[in-house]
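To start, the structure itself, in structure tokens.
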Ligand code: NAD
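Numbering (this note's numbering), first residue to last: 18 to 512.
Written out as structure tokens, the structure is:
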């Protein structure tokens with residue numbers, strides 16, 4: 018074992034008595050219960066955070082509202098962009114510290130924390146920074162009648178909705194937190210983030226860095242806690258919009274709560290049961306490394322990662338044999354050891370959930386390889402390939418969000434499309450083939466917000482991302498998110 022050294026500043030940060038981050042400073046209410054933060058690689062409690070009450074949430078939301086009205090919405094778009102870019106600079110400067118915090122709390126392999134999470138956070142923030150000066154309305158010529166030579170014109174203004182509640186899951190808390198910060202701040206909104214109770218620390222650190230970057234106190238606030246803290250945030254009359262990333266059941270509850278709060282704006286980025294379709298012409302040797310990598314990155318705990326593999330029957334056996342060999346040779350162990358490619362699952366409840374699905378598969382003799390629970394400390398499960406013959410199998414229907422992929426053979430493309438679309442989810446899918454005529458005919462038929470060809474799970478800030486069906490409402494990135502964070506005001510003039 019060759020684990021990296023934990024930086025002194027990381028040790029100091031972890032050891033702090035963490036409070037909320039409100040109006041540019043830590044806010045600690047000694048009466049609030051504490052929540053343990055556990056390192057999933059060791060099962061040791063490494064820190065505690067506050068379980069935020071309605072009172073703390075209200076203080077944060079009120080500060081965000083004051084800052085929205087009096088400071089951030091009045092700042093020039095150019096200046097807002099400069100400040101977001103400065104935050105991106107500071108994330109680069111503090112990259113190793115942030116990467117280590119993610120690895121310690123989420124069990125993310127250190128190279129993934131460094132080169133995917135932190136590096137992509139910087140790239141995404143710079144994209145949002147570049148959008149601040151590109152938020153536009155339009156001019157319109159109305160067709161109203163002119164009796165005495167009067168004329169009309171109309172234009173639209175795009176105005177920030179106000180305070181955003183950004184509710185973040187545990188799998189990529191730093192990056193998803195930064196997506197919400199970038200979306201809100203680039204459109205002139207302010208934000209109160211509620212990170213996951215499992216992975217709160219990196220989000221608290223970003224809020225601190227934002228102050229160093231010159232982002233006004235109160236523009237980015239963080240309240241920590243369980244789901245109830247998120248509910249208080251949605252209920253706050255100072256919050257105008259909810260931006261949620263997480264599971265479908267929580268998303269539905271949040272959507273209902275937002276509607277009950279006088280139709281509070283809501284965007285939902287939810288789960289998936291993503292398909293990868295391998296057509297008859299695929300070269301298994303060529304595609305396997307990239308397919309495995311996109312499937313098992315961060316132990317498969319990626320919303321867009323494939324969980325259902327459809328392979329043409331002529332390539333089924335070759336895929337199963339070769340994929341099993343790759344999975345069996347994957348180095349598994351401490352995420353702080355850069356030579357491992359596979360680490361622990363991120364938290365105990367999730368580990369139990371994945372074990373439940375693996376037990377179902379074991380009982381029915383479906384495991385082709387992997388799915389072993391490793392002895393000793395840490396939530397380690399070896400990456401699993403599971404055979405599914407029936408599309409009604411729970412492993413084919415429900416999101417496991419873990420290192421478990423189901424594989425099924427198909428005969429022709431009509432059957433393939435029916436099976437892919439036979440799902441309540443519609444987040445992402447991929448088609449693997451060099452027969453571009455077939456691929457181009459399949460793409461419009463697939464019910465998913467993103468379709469990749471000969472790749473999977475890659476996100477880019479210039480390309481919109483979001484779910485169809487139960488996988489979500491709204492789109493992130495590009496300029497697609499701007500609609501969700503702004504209101505259109507129509508102005509009509511007679512002259
Ligand atoms: P989750 O739904 O359990 O929790 C997400 C967040 O919501 C956490 O901060 C949690 O504390 C909070 N929360 C829980 N109940 C709440 C309530 N009633 N009101 C307000 N907040 C509440 O999800 P998770 O287990 O943290 O994350 C995994 C899920 O997230 C998976 O389903 C995954 O697919 C999804 N996800 C989606 C995307 C995407 O972009 N589509 C990205 C990452 C993860």
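In this text, a Cβ means the ideal position worked out from N, Cα and C, and glycines have one as well. Since this is a predicted model, take the numbers as computed values, not measurements.
Outcome for residue i when other beta-carbon atoms lying within 10 angstroms are tallied against a minimum of 16
| i | result |
| --- | --- |
| residue 216 | buried |
| residue 373 | exposed |
| residue 472 | exposed |
| residue 254 | exposed |
| residue 411 | exposed |
| residue 502 | buried |
| residue 189 | buried |
| residue 144 | buried |
| residue 156 | exposed |
| residue 511 | exposed |
| residue 48 | exposed |
| residue 353 | buried |
| residue 174 | exposed |
| residue 453 | exposed |
| residue 489 | buried |
| residue 95 | exposed |
Under the three-state DSSP convention, the category residue i falls into
| i | result |
| --- | --- |
| residue 85 | helix |
| residue 411 | helix |
| residue 12 | What the structure shows of the chain is the stretch from 18 to 512, and residue 12 is not part of that stretch, so it cannot be assessed. |
| residue 161 | coil |
| residue 247 | helix |
| residue 286 | strand |
| residue 498 | coil |
| residue 297 | coil |
| residue 469 | strand |
| residue 196 | helix |
| residue 214 | coil |
| residue 115 | helix |
| residue 130 | helix |
| residue 189 | coil |
Distance cut-off 8 Å: residue i Cβ against heavy atoms of the ligand NAD
| i | result |
| --- | --- |
| residue 116 | no |
| residue 328 | no |
| residue 188 | yes |
| residue 135 | no |
| residue 482 | yes |
| residue 270 | yes |
| residue 185 | yes |
| residue 468 | no |
| residue 193 | yes |
| residue 214 | yes |
| residue 50 | no |
| residue 239 | no |
| residue 473 | no |
| residue 262 | yes |
| residue 316 | no |
| residue 488 | yes |
| residue 246 | yes |
Rounded distance between the beta-carbons of residue j and residue i, thought under 8 Å
| i | j | result |
| --- | --- | --- |
| residue 66 | residue 52 | 5 Å |
| residue 421 | residue 388 | 7 Å |
| residue 294 | residue 311 | 14 Å between Cβ atoms; not a contact. |
| residue 330 | residue 446 | Not quite, the Cβ-Cβ distance comes to about 19 Å (not below 8 Å), so this is no contact. |
| residue 71 | residue 238 | That belief does not hold up - the Cβ atoms of residue 71 and residue 238 are roughly 15 Å apart, past 8 Å. |
| residue 14 | residue 133 | Within the shown structure, residues of the chain are numbered from 18 to 512, placing residue 14 beyond reach of any answer. |
| residue 171 | residue 360 | With a Cβ gap of about 56 Å, residue 171 and residue 360 do not count as contacting. |
| residue 486 | residue 442 | 6 Å |
Host beta strand (DSSP E) of residue i (start-end)
| i | result |
| --- | --- |
| residue 51 | 51-56 |
| residue 145 | It is not in any beta strand (DSSP E) - residue 145 instead sits in the alpha helix (DSSP H) that spans 136-148. |
| residue 183 | 180-184 |
| residue 510 | 503-511 |
| residue 20 | Where residue 20 is concerned, there is no enclosing beta strand (DSSP E), given that its DSSP letter is neither H nor E. |
Residue i: first and last residue of the uninterrupted alpha helix (DSSP H) it sits in
| i | result |
| --- | --- |
| residue 238 | Not the alpha helix (DSSP H): residue 238 falls in the beta strand (DSSP E), residues 237-239. |
| residue 396 | Unbroken run through residue 396: none, as it is neither H nor E. |
| residue 267 | 265-277 |
| residue 338 | 333-345 |
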